[in-house]
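For the protein sequence lines, the chains are A and B, in the order given.
Read in order, the letters of the first sequence are residues 1 to 136 in the working numbering.
Read in order, the letters of the second sequence are residues 1001 to 1112 in the working numbering.
Report on one structure; see the data block that follows.
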Amino acid sequence: MNTLMNLDPWGFLDDLLDTGSRTLRTMRARAAGRFPPVNVYLDDTAVIIDLELPGKTAKDVNLSLEPQAVVIADKPAEQADGETGKPENRAPAWSRRLELPFRVDADKANAKFTDGILRIELPKTEANGVRHIAIK
Amino acid sequence: MNSEEKFIVPTATFAEKPAEYELKVQIPGIAKEDVDLHMEGKTLTLKTRSKYQNPAGFRQVAAEFERANYAMSADLPDMADPAALAAKLENGILTVTIKKRPETQPRKIEIG
């Protein structure tokens, strides 16, 4: 009975609305220049992420890898604070966190700029992150 | 492919400086050799051919931009000198500078 109760015949509407609002949000943010568009490609061995970043170079982007996600963020230009001469701590103009379908091998990750497009290649790792503990 | 070739008008800014005009066009994914820029009369035309490729054998799971061929044209102001035009492509941004014609520049007149 429980499973039947959980079946929501109108769930697709929520999905639709959610997708719609996400699309709208994406469009709004993009219109405001807040984050760059991405293409994501997948096969059994790796995930490839392309970002359109015209005018940017390696020093303008921060890339950090979580076990099963990647965070790509704008690296604010370091501007010396007028008063103290110290670099100001500024929030990135945009940041995107992409969940990955599998764990990736951080050591074999590769990212490269070509003509304003950043391509990030993240090979799947063989290790599943599970550690077996011997029982004494 | 030719029949359904698609062109996008790129994002561009045009600025006037004291001695020149500067046109900046965003054409990510385009290599230098794939930019076709030409002047006819006072019309500047840009066409590009993209080499951006989906990685072979991969399936696409998110698509927010596509392989784009860019095309645009712009009429330069009368003060621009079409002969004094320079272009450079850097990290997906094409910068075209067009000098103003010398006779349009302010001239200091010596008093004899």
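All residues carry an ideal CB built from backbone N, CA and C; glycine is no exception.
As the structure is a computational prediction, the values presented were derived from the model and not from experiment.
Top-ranked residue by Cα proximity to S1073/B, from K1088/B, P1102/B and L1037/B: The option with the nearest alpha carbon to S1073/B is L1037/B.
Return the first residue and the last residue of the beta strand (DSSP E) that P1082/B is part of. First-last of the beta strand (DSSP E) with P1082/B: A1080 to E1090.
Which chain B residues sit within Cβ distance under 7 angstroms of N62/A? Result: empty, since nearest Cβ-Cβ is about 17 angstroms, beyond 7 angstroms.
Which one of A46/A, F35/A, V38/A and P36/A has the shortest CA to CA distance from T125/A? Measuring from the Cα of T125/A, the nearest candidate turns out to be A46/A.
Would F1058/B count as contacting chain A if we go by Cβ distances under 8 angstroms? So yes, F1058/B belongs to the interface.
Using the Cα positions of I133/A and P92/A, report the straight-line distance between them to the nearest angstrom. Approximately 41 angstroms between the Cα atoms of the pair.
Assigned secondary structure, T45/A (DSSP; H/G/I helix, E/B strand, else coil): Note: T45/A maps to coil in three-state DSSP.
From A1031/B to L1076/B, what distance separates their C-alpha atoms? Looking at the backbone, the Cα of A1031/B and that of L1076/B are separated by about 25 angstroms.
Mind listing which residues of the segment 1061-1089 of chain B have their C-beta closer than 7 angstroms to chain A's C-betas, in chain order? Contacts with chain A (Cβ-Cβ distance below 7 angstroms) from the segment 1061-1089 of chain B involve V1061, A1062, A1063, E1064 and F1065, listed in chain order.
Relative to the C-alpha of G116/A, which candidate in N1054/B, I1027/B and L1044/B has its C-alpha closest? Selection N1054/B, I1027/B and L1044/B evaluated against G116/A yields I1027/B as nearest (Cα-Cα).
Give the residues of chain A in contact with Q1137/B, contact being defined as C-beta atoms less than 8 angstroms apart. Residue 1137/B lies beyond the range of chain B shown here (1001 to 1112); nothing can be said about it.
Taking 8 angstroms as the threshold (C-beta atoms), are D1081/B and R1101/B in contact? For the 8 angstroms CB-CB criterion, R1101/B and D1081/B form a contact.
Buried or exposed for T1013/B, going by 16 or more other Cβ atoms inside 10 Å? Classification of T1013/B: exposed, given that the 10 Å Cβ count is below 16.
Alpha-carbon spacing of R103/A relative to V70/A, whole angstroms: Rounded to whole angstroms, the separation of the alpha carbons of V70/A and R103/A is 10 angstroms.
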